[in-house]
Structures are given as structure tokens and as C-alpha cells.
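In the working numbering, the protein residues as written are -19 to 175.
Just so you know, even glycine gets a beta-carbon here, dropped at the ideal spot from N, CA and C.
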């Protein structure tokens, strides 16, 4: 980008100068040809973005049933999420997910997976460190982790003849082949494009 402002950090300039991920360009160029059960049954179904538009009708009904939000939620709050929400989430996670007590102080609530991953990997790794990512995977991890946080993704291939199961052997091979320190494993479930 030739007119990148000089006052930006080197990290920000690098991000602005980085190419737009090919999958993003292809995805948005196909949006006008999106699948619709009635008018375009052979239309484009994007599997590269974590956004399921096929569920919008059901989600719209659920959202319409929610009472009006209190006015305090329209202003600024804690950067890690409103305390009252984190307390409710902690109670829910304690009772239904984790099987142990979770404190609101142990939770951060962020807007979107990309934001959460950027903050998480900024804290976990230094520029040049590695993150294991089982493949096939969501293509957006590369720009999110490599461009923004300056970390290096080490793909961990999984295979159709193994039903794409991730094994210790896959992880061991990836760690052994890495030419840099491996700081984390990014494992998502469900995962695009496998669902």
C-alpha cells in the first residue's frame, strides 16, 4: 500500500501491506451467487468463513424473542466483557461444561474468534514462534496468526483415510519438523471446512 501513514507502527504497516487472503477475495466475489433453497439451489455455499447463513431464519426468530436490552449495555464496559455477563457465563460453564468451578475472573469475552485468537496468540508467543494447526482448517488462521501476531503456523496434516482424526503421532511429527519453538496448538471443533 503506497500511502501507508508513517505514524503507524511497523507491525501495522506490515499488516496493511500484506496481500488480501485469496480465499477472502474469492468468497466475497461469489456472494451474489449465494445458495438459496428456492431461487438458487446450485448457488455458492462458502465453507471458508465461520458464518452459517443457512441458520439465519432460525436465529432471527430467536433474536426477535429477546426482550429489549438494558441501556447500560449500549455504552463502554470492561474490555474483557461485562462483569455481570462473565459471572453468568462462569455459572453456566461450571454447571454444564467444565465440571468444576469457573470464576468470572478467569474469563474474557471478546467479539469474534479472530479477535480472541489475535489477543491470545499475542500473549502466548513471540514473533517467529510456531503454532500447530491441524489441516484441513479454516484458511483465515494464516492471516490472523501470521500477519497480525507474526507467528508461524506449522500445519499438522490429517487425512481422509483416517477420518481426519488428529493423533499424537501427527502432533509429534509436526513438532519434530518445526524449525522454531512451538508455543501452542490451535484446535477448533467444529472446524471449517470439515464442520
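query = Where residue 75 and residue 82 are concerned, what is the direct C-alpha to C-alpha distance, given to the nearest angstrom?
reply = 9 angstroms
request  = Give the straight-line distance between the Cα atoms of residue 25 and residue 15, rounded to the nearest whole angstrom.
outcome  = 6 angstroms
query = Around the Cβ of residue 77, are there at least 16 other Cβ atoms within 10 angstroms (buried) or fewer (exposed)?
reply = exposed
query = Is the beta carbon of residue 87 less than 8 angstroms from the beta carbon of residue 69?
reply = yes
message = Starting from residue 155, trace the alpha helix (DSSP H) in both directions and tell me its first and last residue.
response = 148 to 157
key: Candidates 172, 123, 114: closest to residue 155 by CA position   = 114
message = Under DSSP, the beta strand (DSSP E) around residue 135 begins and ends at which residues?
response = 132 to 137
task = Measuring alpha carbon to alpha carbon, tell me which of 28, 144, 45 ends up nearest residue 118.
result = 28
query = Taking just the CA atoms, how far does residue 126 sit from residue -3?
reply = 13 angstroms
ask   = Per DSSP, what kind of secondary structure is residue 69 in: helix, strand or coil?
value = helix
query = Helix or strand or just coil, what does DSSP make of residue 96?
reply = helix
message = According to DSSP, simplified to helix, strand and coil, what is residue 118?
response = coil
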